[in-house]
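Asks: Just so we're aligned, residue 20 is where the sequence shown starts under this note's numbering, counting upward by one. Glycine residues also receive a C-beta, built at the ideal position from the N, C-alpha and C atoms.
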Amino acid sequence: MKPATAPTRRGEPLLSVRNLGVTFQLRGQQGAKAVDDVSFDISAGQHVGLVGESGSGKSVTSLAIMGLLPQRGVKVRGEVMFDGVDLLKKSRREMSDLRGREVSMVFQDPMTSLNPVVPIGTQIAEIIQRHFNAKKGPALEKSEDLLAKVGLPDPHRRLREYPHQLSGGMRQRVLIAMALACEPRLLIADEPTTALDVTIQAQVLEVLKKLVADTDAALLMITHDLGVVAGLCDTVNVMYSGRIVESATRERLFGQPRHPYTGGLLASIPKLDSPRGAPLTPIPGSPTQLLPWSEGCAFAPRCRNRTDECTSRTPGLDPDGDRHLRCFNPLTPTVAEAAR
Numbered sequence: 020m021k022p023a024t025a026p027t028r029r030g031e032p033l034l035s036v037r038n039l040g041v042t043f044q045l046r047g048q049q050g051a052k053a054v055d056d057v058s059f060d061i062s063a064g065q066h067v068g069l070v071g072e073s074g075s076g077k078s079v080t081s082l083a084i085m086g087l088l089p090q091r092g093v094k095v096r097g098e099v100m101f102d103g104v105d106l107l108k109k110s111r112r113e114m115s116d117l118r119g120r121e122v123s124m125v126f127q128d129p130m131t132s133l134n135p136v137v138p139i140g141t142q143i144a145e146i147i148q149r150h151f152n153a154k155k156g157p158a159l160e161k162s163e164d165l166l167a168k169v170g171l172p173d174p175h176r177r178l179r180e181y182p183h184q185l186s187g188g189m190r191q192r193v194l195i196a197m198a199l200a201c202e203p204r205l206l207i208a209d210e211p212t213t214a215l216d217v218t219i220q221a222q223v224l225e226v227l228k229k230l231v232a233d234t235d236a237a238l239l240m241i242t243h244d245l246g247v248v249a250g251l252c253d254t255v256n257v258m259y260s261g262r263i264v265e266s267a268t269r270e271r272l273f274g275q276p277r278h279p280y281t282g283g284l285l286a287s288i289p290k291l292d293s294p295r296g297a298p299l300t301p302i303p304g305s306p307t308q309l310l311p312w313s314e315g316c317a318f319a320p321r322c323r324n325r326t327d328e329c330t331s332r333t334p335g336l337d338p339d340g341d342r343h344l345r346c347f348n349p350l351t352p353t354v355a356e357a358a359r
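Right, here's the structure in full:
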């Protein structure tokens, strides 16, 4: 039986992140801001995407929500309200009780996330024993059922196997089974299809989508792959250099991107109907080429739409019709259509 929990407050989001900031303090140097003033909401049963290039702050955001950042050398500010309670104010013991039961996470590297010297069944059973106060026998039976649900062949035999005996796709399914073992109300999936081939990616995403729907869990999908977002998420937040630069529904974001960075991400996706040998359309420059947000728009050095205003003023994340946008010179409908 699932542990009793308080129902979500009527009309309020399950998770509300407000002005979240994470700064890594370097000895003898100025602190490095990995996440800067990030805000978004997730309602019960909603699927929200957090998209951006590597280094944009997506994973650090998820680790801050889960309370998994180190205590030394890291400064976290803002609010992470989960069902009306600020997770940033909870002790490490309180967060340990919450993780796995109410909030769970699928990490991006299953080989390093699983203990290499402990059988798969024991690793899943430990979670069930911890949160349900169950005996080992029933916990292993529940573990076998979970492995069957995620589509692992011969789940009874897999209970006794070690991570190195499984393929990458199988290990990722094990992580999903572990994350959903206690039917959490919020699931964070951090690049769950990294290093998997296209066929296995589709299978893993289908398993994740079905299991999340069965438990009515809220989902935060963190990825750099817009194809994953297109098939899974209701709302998309595009992140660059630690800040959200555009937030919209999936249909509006893909139908008419407004931020030049969003347009660049969409334009860089290879298209099946492109003629053979057609060049790709990369975003110019590198993610390391950026301005501090305190001096202007961080994306300005790579942006074709930049003006003097972009390098002298900091854009806010303001309402723009049916979305929120952080840009002084957004894409026009014609340019946005070409970016798709």
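Residues in its own chain within less than 7 Å of Pro289 by CB, not counting five upstream and five downstream?
Replies: Your numbering for residue 289 matches position 270 in the sequence shown. Spatial neighbours of Pro289 in its own chain (CB-CB distance under 7 Å, excluding positions within 5 residues in sequence) are listed in chain order as Leu299.
Asks: Considering only residues of the same chain and omitting the five flanking positions on each side of Leu310, which have a CB-CB separation below 7 Å?
Replies: In the sequence shown, counting from the first residue as 1, residue 310 sits at position 291. Result list for Leu310: Cys316, Ala317, Ala319, Pro320 and Thr330, in chain order.
Asks: Ile207 and Ile241 look like a contact to me (Cβ under 8 Å); what is the Cβ gap, rounded to whole Å?
Replies: Taking the sequence shown and counting its residues from 1, the one referred to as residue 207 is at position 188. Taking the sequence shown and counting its residues from 1, the one referred to as residue 241 is at position 222. Confirmed, Cβ separation roughly 7 Å.
Asks: Name the DSSP beta bridge partners of Ala51, please?
Replies: To locate residue 51, count along the sequence shown from 1; it is residue 32. Per the DSSP secondary-structure output, Ala51 pairs in a beta bridge with Phe43.
Asks: Whole-angstrom Cβ separation of Gly64 and Asp233, contact assumed at under 8 Å?
Replies: Here residue 64 is taken as the residue at index 45 of the sequence shown, counted from 1. Here residue 233 is taken as the residue at index 214 of the sequence shown, counted from 1. Contact flag wrong, Cβ pair sits at about 11 Å.
Asks: Hey, which unbroken runs of the beta strand (DSSP E) at 3 residues or more fall wholly within the stretch 214-276?
Replies: 237-242, 254-259 and 262-268
Asks: In the DSSP assignment, what are the bridge partners of Ala208?
Replies: On the sequence shown, residue 208 is found 189 positions in, with the first residue counted as 1. DSSP lists Val125 and Met240 as partners of Ala208.
Asks: Have a look at Ser260 and Ile147 and give me their C-alpha separation to the nearest angstrom.
Replies: Stepping through the sequence shown from its first residue, residue 260 is reached at position 241. Stepping through the sequence shown from its first residue, residue 147 is reached at position 128. Between Ser260 and Ile147, the C-alpha separation is close to 38 Å.
Asks: With H, G and I counted as helix, E and B as strand and the rest as coil, what does DSSP make of Arg345?
Replies: Walking along the sequence shown from the start, residue 345 turns up at place 326. Arg345 falls in the coil class under three-state DSSP.
Asks: Residues in the same chain with beta-carbon distance under 6 Å from Gln127, minus the five sequence neighbours each way, listed in chain order, please.
Replies: As a position in the sequence shown, residue 127 is number 108, starting the count at 1. Closer than 6 Å at the Cβ level, and outside the excluded window around Gln127, lie Asp209, Glu210 and Thr213.
Asks: Below 8 Å, can you find three or more Cβ-Cβ pairs linking the stretch 168-179 to the stretch 74-94?
Replies: Too few Cβ pairs lie closer than 8 Å, so no.
Asks: So, for Leu238: in the same chain, excluding its five sequence neighbours on each side, which residues have a beta-carbon less than 6 Å away from its beta-carbon?
Replies: In the sequence shown, counting from the first residue as 1, residue 238 sits at position 219. Excluding sequence neighbours, Leu238 sits near His66, Leu206 and Val231.
Asks: Out of Pro306, Ala196 and Asp253, state which residue places its alpha-carbon closest to the alpha-carbon of Val226.
Replies: For the purposes of this step, residue 226 is identified with residue 207 of the sequence shown, where counting begins at 1. When each option's Cα is compared against that of Val226, the closest is Ala196.
Asks: DSSP state of Leu178, grouped into three classes?
Replies: Looking up residue 178 in the sequence shown gives position 159. Three-state result, Leu178: coil.
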